[in-house]
Every structure is written in C-alpha cells, then in structure tokens.
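Novice: Here the sequence shown stands for residues 1042 to 1410, numbered as in this note's numbering. We treat Cβ as the ideally placed atom computed from N, Cα and C, and that holds for glycine.
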Amino acid sequence: MDRVLLVFYAASLMLGIVGGAYYVVSRNAVYIEVGPDYAFMSLLVASETLPGFFSVVGGVLGDMLGRRRMIVLGALSSIPFIIAGMGGVRSLPYLILMYGVLTSMASPNVYGGLLHYTGSSGSSYSLIAVAGSIGWAIGGVIGGYMAESLSFTACMTVLAAMVSASYLAVYAAYPGKVTYPGASLMEVVDGAGRVWPLFLASVLSFTGVRFFFSNYVLALRSMLTDPVVYGLVVNTIPAITGAAIWPIIGRVSDNRNPVLLAMIAVAEYAVLIAVFLNLGDPVVVSVLWAIPIYPLLEQGLVISISRKLPGRLQSLASGVFTTSLSVAGFAILLLGRVLADINAIGWYSISILAASLSLMLAGRLMGRL
1042 MDRVLLVFYA
1052 ASLMLGIVGG
1062 AYYVVSRNAV
1072 YIEVGPDYAF
1082 MSLLVASETL
1092 PGFFSVVGGV
1102 LGDMLGRRRM
1112 IVLGALSSIP
1122 FIIAGMGGVR
1132 SLPYLILMYG
1142 VLTSMASPNV
1152 YGGLLHYTGS
1162 SGSSYSLIAV
1172 AGSIGWAIGG
1182 VIGGYMAESL
1192 SFTACMTVLA
1202 AMVSASYLAV
1212 YAAYPGKVTY
1222 PGASLMEVVD
1232 GAGRVWPLFL
1242 ASVLSFTGVR
1252 FFFSNYVLAL
1262 RSMLTDPVVY
1272 GLVVNTIPAI
1282 TGAAIWPIIG
1292 RVSDNRNPVL
1302 LAMIAVAEYA
1312 VLIAVFLNLG
1322 DPVVVSVLWA
1332 IPIYPLLEQG
1342 LVISISRKLP
1352 GRLQSLASGV
1362 FTTSLSVAGF
1372 AILLLGRVLA
1382 DINAIGWYSI
1392 SILAASLSLM
1402 LAGRLMGRL
C-alpha cells in the first residue's frame, strides 16, 4: 500500500481511538466528580459539537495558505487536553472548546489532502472512514480500562500524546504535491457557489436522520432492558456492519454518481423511520437497526461535494461537509425545544428527509448534481 495512504489510515485509526476513549473517560469523570448535572452536560456537549463550524474556515485557509500549516494546529490541540487534565473536570467544557476549534481547522486538511492526492477516490475515503470507525470502537474499550486504572490527569495526558503523534505523523508524510494548493479567494468563492446545494442537502439529511434516531434510542432502551444487549444493538453491531460494507460502497461510488447513493440512503432512512414508528417488536427493531445505511449517506455526500471542486479546493470540500454536520446539530438543538413526542419527531424527520431528497432530485434533473 502507498506509504502516504498507510500513514493517513493509521492516523485516522489513532484519532478514532482517542475519540472513543475520551468519550468514556470524560463521561466517567463527570459522573464521579460532578454528578447528574444536566446543565453541565449540556455545556460540555455544546463545547464538543459547536467547533465544527470552524471546519470550513480551516479548509479555506489550508487551500489558500498551505495545508501542512493547518495540520500543525492539530498537533497543538494536545495542549488544551493536557491543561484539562490538570485543571479538573469543571474546566473541561472550556478547554474542549479550544481543542475542538484547533482540530476542526486541522481535520479538513487531512481529508482534503487525501481526496486531492487520490483524485477524489471513493475507495480511499471509505478506508479512512472505516479506520476511524474501528478506532472509535476500540477506544471505547480502552477508555473503560483507562478510567478504572488511571487518574483523570493521566488519562488526558495519554490521549494528548496520541493526538500529537497522529497529526505529526500526517505532517511528516504529507505529500508535497498537494501541500500548497495556492487557491485564490475568487476560486474559493466560486467553489462555495458550486457546492451550496449539496451543503443544504447534507444539512437537511443529517438533521432528519439524527433528530429521530438520537431520540428513538430512548424508546429502544425501553424495549431492550439488558444494558449489555442495548449497547451491542445500538453501537457495536452497527459499527461492525458499517465497517464491513463501507469499502464496497467506496468502490461503488467510484463507478456511479455518488449523489444517487445519498438519495438512496435518504429514502431508506425515511422508510425505516416510518416502520419504527409503527413497530414495537424488539427483535425486529434490533435487526433493522443494524442495517448499514449511514456509510451510504456519508460516502455519497462527501464524494459528491469533493467531485464538484478541483483538487486545490479539496480541504474546502471536506470543511463544507463537516460544517454541515454542525449546522444539523444546531438545528436539532432548536427543534428539540419544540417537539418532544416521538411520533411528532418521526414524521417531522420524514418531512425533512423528503425535502432533502427533493433537493437532490431537482439538482439531478437540472444537471447541477
């Protein structure tokens, strides 16, 4: 395998491990030191998700000023991790916000560099996505052991070292031909104009999907009373099925219009939500939950956005997709204040998905997507 790609995949695996381990370590520390303080947890979750808005900024700066320079920000993001470990759990939301801003500006230049280097290869993107997913699953287990055997300070220090090592490895292996794209401001503005319909479609798609499923997990918990079985159904099994099929989807996206993959995924999600709203059998729900639709949606949207832009704007492409996820998260936060009934949430989510599907279909018919 190409050495550059191998390093990128290894870094994605490592950062996935960090993400999974951090999730367990941080939640365990909050539970022990803060207790069931939902206001604090809301602040922490907001600090973890809102920095995604900076992804498009990091992508633009990387395409214009040089991508390796932005990778340095990723290596420096270990500093807030270390300080958070020393400052204690109460300081975590503010320092994680700093960490998130730095990594959000760096990560589009990892994925953008990969997409530029491989000519927007769907297969290459699918493998780096699988590496991150597997890393997250492994990190959840490692984080549990770390939380039991190490102090919070030690846990955060170890994770900080892993973050720095990952970004420094990418920095060292970064292929020279895609390091300084030298995009102009006018090219960036023109590129943004090309992908705004896909950006809007991505926002609508992920708003519809996540608004329903992030709430339906509570209904599923009432069906599956065993917490171990619940964890397997909600996280482990979908991660395995997704990792198994993602490389296949990657190859398909190299030979078919990736917008069609996203459209199929949105339609499948809408049907699945309608089925879940009228189904109460835990066995059937568990089987349907394991259907790997998410890889189809992400792969379709990422590669669609990537192929609308030239190589020198691939960090912008990655930043646009990541920022769309943050916008979707903010939309869900607002919708959650209005709708609380799972049936209302379900049908509203289907309406949002229908709008996304209509937008992509119109784009296809008009020849814009």
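Buried or exposed for Glu1339, going by 16 or more other Cβ atoms inside 10 Å?
Specialist: By the 10 Å Cβ count, Glu1339 comes out buried.
Novice: Give the secondary structure of Asp1295 by DSSP, where H, G and I count as helix, E and B as strand, and everything else as coil.
Specialist: Helix.
Novice: So Ile1373 and Arg1262 are in contact, right, with Cβ under 8 Å, and what is the actual spacing, rounded?
Specialist: Wrong, their Cβ atoms sit about 19 Å apart, outside the cutoff.
Novice: Drop a sphere of 10 angstroms on the beta-carbon of Thr1266, count the other beta-carbons inside from all chains shown, and report buried for 16 or more, exposed for fewer.
Specialist: Per the 10 Å Cβ criterion, exposed.
Novice: Which residue spans inside the segment 1081-1150 form an unbroken alpha helix (DSSP H) run of at least 4?
Specialist: The segment 1081-1150 contains these whole alpha helix (DSSP H) runs: 1096-1106, 1108-1117 and 1119-1128.
Novice: Between Gly1093 and the rest of its own chain, which residues show a CB-CB distance below 7 Å, the 5 nearest in sequence each way excluded?
Specialist: Cβ neighbours of Gly1093 beyond the five flanking positions: Ser1145, Thr1363, Thr1364, Leu1366 and Ser1367.
Novice: For Leu1245 and Ala1396, which I take to be in contact (beta-carbon distance under 8 Å), what is that distance rounded to the nearest angstrom?
Specialist: Rounded, the Cβ-Cβ distance is 5 Å, consistent with contact.
Novice: Starting from Gly1163, follow the alpha helix (DSSP H) in both directions and report where the run begins and ends.
Specialist: Counting along the chain, the alpha helix (DSSP H) containing Gly1163 begins and ends at Gly1163 to Ser1190.
Novice: Measuring CB to CB, does Leu1302 end up less than 8 Å from Ile1290?
Specialist: Going by C-beta atoms, Leu1302 is nearer than 8 Å to Ile1290.
Novice: Run the CB neighbour count on Tyr1063, radius 10 Å, all protein chains shown included, and call it buried at 16 or more, exposed below.
Specialist: Tyr1063 is buried by the Cβ-count criterion.
Novice: Do you know how far the Cα of Val1343 is from the Cα of Leu1400?
Specialist: For Leu1400 and Val1343, the distance between alpha carbons rounds to 16 Å.
Novice: My understanding is that Val1274 touches Ser1327, with C-beta atoms under 8 Å, so please give their C-beta distance in whole angstroms.
Specialist: Right, their Cβ atoms sit about 5 Å apart.
Novice: So, is Val1219 buried or exposed, given that buried needs 16 or more other C-beta atoms within 10 angstroms?
Specialist: So Val1219 ends up on the buried side.
Novice: Following the continuous alpha helix (DSSP H) through Leu1259, name the residue where it begins and the one where it ends.
Specialist: Its alpha helix (DSSP H) spans residues Leu1226 to Met1264.
Novice: Is the beta carbon of Ser1165 closer than 8 Å to that of Gly1115?
Specialist: Cβ atoms of Gly1115 and Ser1165: not closer than 8 Å.
Novice: In the DSSP assignment, find the unbroken alpha helix (DSSP H) run with Ala1051 in it and report its ends.
Specialist: First-last of the alpha helix (DSSP H) with Ala1051: Arg1044 to Glu1074.
Novice: Considering only the beta carbon of each residue, do Ile1391 and Ala1284 sit closer than 8 Å?
Specialist: Cβ atoms of Ile1391 and Ala1284: not closer than 8 Å.
Novice: Between the alpha carbons of Val1171 and Gly1185, how many angstroms are there, rounded?
Specialist: If I take the Cα positions, the gap works out to 22 Å.
Novice: What is the DSSP secondary structure of Tyr1152, reduced to helix, strand or coil?
Specialist: Helix.
Novice: Please tell me whether Gly1061 and Gly1223 are closer than 8 Å, where the distance is taken between their beta carbons.
Specialist: No, the Cβ-Cβ distance between Gly1061 and Gly1223 is not below 8 Å.
Novice: Answer with buried or exposed for Val1142, where buried requires no fewer than 16 other C-beta atoms within 10 angstroms of its C-beta.
Specialist: When all chains shown are included, Val1142 counts as buried.
Novice: Quick check: Ala1369 and Phe1240, are their CB atoms within less than 8 Å of each other?
Specialist: Their beta carbons are not under 8 Å apart, which means Ala1369 does not touch Phe1240 by this criterion.
Novice: Once the 5 residues before and after Ser1167 are set aside, which same chain residues still bring their CB inside 7 Å of it?
Specialist: Trp1287, Pro1288, Ile1290, Gly1291 and Gln1340, listed in sequence order.
Novice: Does the Cβ of Met1203 have 16 or more other Cβ atoms within 10 Å, making it buried, or fewer, making it exposed?
Specialist: Met1203 is buried by the Cβ-count criterion.
Novice: Quick one: Cα of Ser1161 to Cα of Glu1189, how far?
Specialist: Roughly 42 Å separates the two Cα atoms.
Novice: Ordered along the chain, which non-local residues of its own chain (more than five positions away) have a Cβ less than 7 Å from that of Tyr1335?
Specialist: Closer than 7 Å at the Cβ level, and outside the excluded window around Tyr1335, lie Gly1283.
Novice: Among residues of its own chain, excluding the 5 on either side of Arg1348, which ones have a beta-carbon nearer than 6 Å to its beta-carbon?
Specialist: Within the same chain, Arg1348 has close Cβ partners Ser1161.
Novice: State the CB to CB distance for the pair Leu1156 and Ser1294, rounded to an integer number of angstroms; the pair is presumed to be in contact (CB under 8 Å).
Specialist: Contact doesn't hold; Cβ gap of about 12 Å is too wide.
Novice: Cα separation between Leu1047 and Ile1169?
Specialist: Rounded to whole angstroms, Leu1047 to Ile1169 spans 9 Å at the Cα level.
Novice: What residue does the alpha helix (DSSP H) around Tyr1215 start on, and which one ends it?
Specialist: No alpha helix (DSSP H) contains Tyr1215, which DSSP labels as neither H nor E.
Novice: Assuming Ala1358 is part of the alpha helix (DSSP H), what are its boundary residues?
Specialist: Ala1358 -> alpha helix (DSSP H) spans Gln1355 to Leu1376.
Novice: So Tyr1221 and Gly1107 are in contact, right, with Cβ under 8 Å, and what is the actual spacing, rounded?
Specialist: With 8 Å as the limit, Tyr1221 and Gly1107 qualify as a contact, their Cβ atoms being about 5 Å apart.
Novice: When burial is assigned at 16 or more other CB atoms within 10 Å of the CB, is Val1307 buried or exposed?
Specialist: With 16 or more Cβ atoms within 10 Å of its Cβ, Val1307 is classed as buried.
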